[in-house]
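Numbering-wise (the working numbering), the sequence shown opens with residue 181 and increments by one.
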Amino acid sequence: MAGDDAEHFNGPAAVLVAPGGEIWVADGHRGGNNRVMKFSADGELLLQLGGGVDDTSRESGRFNDPHDLKMDSQGRLFVADRGNNRIQIFDQAGELLDIWTQFGRPSGLWIDADDRLYAADGMSGEQWNRGWERGIRIGDARSGYVTEFIPDYEVQSGSGIEFLAADRDGNVFAGQVGRQRFEKYVRVRP
């Protein structure tokens, strides 16, 4: 389904299978179609969020480089709208519920069983999102409060963390595309 129009994918960056079997796809890596699409388990297009082909926008419900998708225990869809330095949150019907900017310029997301949200910000700095520090922000997926921060210790060497996951003990596993490595951050305090 590759292509540069409404019927094809241009830059799929993330896929998520919801508990009900629906398939969500973020299609907008590096400019792409800047949309999030929801399909039935059989592949039927159910809805599209965002503007579509070559449409980047800071408007609510629109995207600029949607880079990752995760779902919390309530079934809310979290979209890492990286190019707009925010996370947008939607319900299953595609209604916008909230917009959070306190998690930096998110490339990757993870939500654990306790609805703790981890956001990988590997790009903030001089070129993008000035005034923000690169690293991993950890907070509450229900309230949006950021409670912890793991700084990027090599700020000047390529893009930082792009994707991440956490285990049940709170250890964080992070992949860095630009640095071509995978790291584990060990939780030392509860």
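Every residue, glycine too, gets a C-beta built ideally from N, C-alpha and C.
query                                                                                                : result
Residue range of the unbroken beta strand (DSSP E) whose run includes residue 281                    : It is not in any beta strand (DSSP E) - residue 281 carries neither H nor E in the DSSP assignment.
Backbone CA spacing between residue 330 and residue 316 [nearest angstrom]                           : 5 angstroms
Status (buried if at least 16 other CB within 10 Å, exposed otherwise) for residue 221               : exposed
Near the ligand NAD: residue 316 beta-carbon under 6 angstroms from a heavy atom                     : Among the components of this structure there are no ligands whatsoever, and the ligand NAD is therefore not found.
Under 7 angstroms between C-beta atoms of residue 291 and residue 252                                : yes
Rounded straight-line distance, which links the Cα of residue 224 to that of residue 255             : 20 angstroms
8 angstroms Cβ shell around residue 293 - same chain, five flanking residues per side excluded       : 253 and 348
Same chain only: Cβ atoms within 6 angstroms of residue 319, ignoring 5 sequence neighbours per side : 297, 325, 326 and 327
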